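Quick note on the working numbering: the sequence shown kicks off at -11 and runs consecutively.
A virtual CB, placed ideally from N, CA and C, is assigned to each residue, including glycine.
Fair warning: this is a prediction, and the values are worked out from it, not measured in the lab.
Working notes for the structure below.
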Amino acid sequence: MTDDLPLLTVDAVTRHYGAHIGCKAVSFALFPGEILAIVGESGSGKTTLLNCLSCRMPVSSGTVSYQMRDGGMRDLATLTEAERRFLMRTDWGFVHQNPADGLRMRVSAGANIGERMMAVGDRHYGRIRQTAEDWLARVEIPGTRIDDRPTAFSGGMRQRLQIARNLVTAPRLVFMDEPTGGLDVSVQARLLDLLRGLVGEMGLSAIVVTHDLAVARLLSHRIMVMKEGHVIEHGLTDRVLDDPQHPYTQLLVASILEV
Ligand SMILES: Nc1ncnc2c1ncn2[C@@H]1O[C@H](COP(=O)(O)OP(=O)(O)OP(=O)(O)O)[C@@H](O)[C@H]1O
Ligand SMILES: [Mg+2]
-11 MTDDLPLLTV DAVTRHYGAH IGCKAVSFAL FPGEILAIVG ESGSGKTTLL
39 NCLSCRMPVS SGTVSYQMRD GGMRDLATLT EAERRFLMRT DWGFVHQNPA
89 DGLRMRVSAG ANIGERMMAV GDRHYGRIRQ TAEDWLARVE IPGTRIDDRP
139 TAFSGGMRQR LQIARNLVTA PRLVFMDEPT GGLDVSVQAR LLDLLRGLVG
189 EMGLSAIVVT HDLAVARLLS HRIMVMKEGH VIEHGLTDRV LDDPQHPYTQ
239 LLVASILEV
């Protein structure tokens, strides 16, 4: 892997739903170790874009290229289904807003973490169990809950388990869609702290969708602001939040400061 080349290059990505625009002509590059926040109001195209970037949805036009482990850039549209699945299992993580979409609810917390390790070839039961225990501790879930199913967990615990399941294999790129979205404010703050610590420690690259500018402020290096499917502003997080250029971003920032 090469650090001075982008991990992900996005060129004029557009996605239509029939005549309706999901996202339009989005271009940017993400470098290794960078956290990009995609912000914007409901319906602005954040999830559509994230799904296009992570191969969960085909683009209507444009290209997404990814730096593979051998250093070569690949157009994701040309991957075979097997290659795509391999990337999703090994190189990428995807944290869903609703933890039930990213967890296996009928198997234990330990197995949820262990499954990801097995997917990258680990077969040693003792090590898998130990790593699962370590990761539960890292996301502040008592080790005594390792054999419980996520159905017995609170919303905040489920989200922390989903994060552990995604990060245990040290993915190179993590996609997150409103990772703190469905949680109480106090639980959100704690989770955000935890996430920030882990991302920093592991030097992860991530693309985080959020409508919450506080989440963007805390987690991201750069912010991309979307409105009606278009990127209207893009820059370093502090610059965008302290000195927004586009009137819509100014409005967004002002409305947060008022509360
Ligand atoms: N499956 C779909 N079929 C038709 N239109 C869709 C579909 N999914 C999204 N859209 C439309 O595309 C636009 C962008 O939606 P998207 O879900 O990407 O927004 P979002 O920014 O993630 O919103 P939210 O913050 O509410 O999650 C919206 O106008 C939405 O109505
Ligand atoms: Mg969304």
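- Look at Asp89: its beta carbon is at least 7 Å from all of the heavy atoms in ligand 2.
- For Tyr5, the shortest C-beta to heavy atom distance toward ligand 1 is below 7 Å.
- Taken in chain order, the unbroken stretches of alpha helix (DSSP H) that lie wholly in the stretch 53 to 121 and span 4 residues or more are 69 to 78, 97 to 107.
- Only residues of its own chain outside the window of five on either side were considered, and among them Ala0, Val1, Thr2 have a CB closer than 8 Å to the CB of Ser49, listed in chain order.
- When DSSP states are grouped into helix, strand and coil, Leu161 belongs to the strand group.
- Burial is judged here by how many other beta carbons sit within 10 angstroms of a residue's own beta carbon; Leu224 has fewer than 16 and is exposed.
- Using a C-beta cut-off of 8 Å, the stretch 79 to 88 makes contact with the stretch 154 to 163, since at least three inter-stretch Cβ pairs fall below that distance.
- Fully enclosed beta strand (DSSP E) runs of no fewer than 3 residues occupy 161 to 165 of the stretch 136 to 193, in order along the chain.
- In this structure, Leu180 is the residue among Asp(-9), Leu180, Asp172 with its C-alpha nearest to the C-alpha of Ala204.
- Here Ala7 carries a coil assignment [DSSP, helix/strand/coil].
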